[in-house]
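S.K.:
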Amino acid sequence: MKMFKKTMMMAIAVPMVLGSMSVMAAPNSHGMKGHHGERGLFKQLELTDTQKAEMKTLREKDREAMKAERQANRSEMQADHKALDKLVLADNFDEQAVRQLVDRMSEKQAEHRVERLKQRHQMLNILTPEQKAKYVELKQQHAEKRFMKLEKKTH
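Under full-length UniProt numbering, the residue at position 59 of the sequence shown is numbered 59, and the numbers go up by one with no gaps.
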């Protein structure tokens, strides 16, 4: 019975741990992969030289900020994952402790996402109203293409 309990706890906790890691690495959640996609859209907007220079400055600033953030949070994130492992491997499941830790980890992810969206907002505010309208149109087209690819994969 004890082995069954441990197996069940692992079956529940492992997806939580992996899910939290995949959210941080997922394209378009806040990371660089989504950022590169944005850059591709910006290339289609016929930016002025001034706008291109402003975008470049923001990207460089973002890159430095992300690098510093990654370095600052790496050890804390590793400690969180070790704490999760310890809680999952314990003889008794401490739901309250797991919830507190998962909530704290989720809060950090939310803060990171807000920061990424704040940076995207700064970039979008460089655009003219016409460029913003075209950006929205291109973004919609891109989303539709992505949806169609997913539809093909699932059928």
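Here a beta-carbon is modelled for each residue, glycine too, at the ideal position from N, C-alpha and C.
Since the structure is predicted, the reported quantities are computational estimates derived from the model, not experimental observations.
Work out the CA separation of ASP80 and VAL98 for me, nearest whole Å.
M.R.: When rounded, the distance between both Cα atoms is 11 Å.
S.K.: Assign PHE42 to one of three DSSP states: helix, strand, or coil.
M.R.: Three-state result, PHE42: helix.
S.K.: Could you check what DSSP says for GLY34 in three-state terms: helix, strand or coil?
M.R.: Below a pLDDT of 50, predicted positions are generally treated as unreliable, and GLY34, at 46, falls in that range; the measurement from the model is reported next regardless. Residue state, collapsed to three classes: helix.
S.K.: To test your reading of the DSSP string, which unbroken alpha helix (DSSP H) runs of 4 or more residues are found completely within the segment 31-114?
M.R.: Taking only runs of at least 4 residues, the alpha helix (DSSP H) segments lying wholly in the segment 31-114 are 32-43, 49-89.
S.K.: Check the C-beta distance from LEU127 over to LEU41 and give it rounded, since I have them as a contact under 8 Å.
M.R.: Not quite, the Cβ-Cβ distance comes to about 11 Å (not below 8 Å), so this is no contact.
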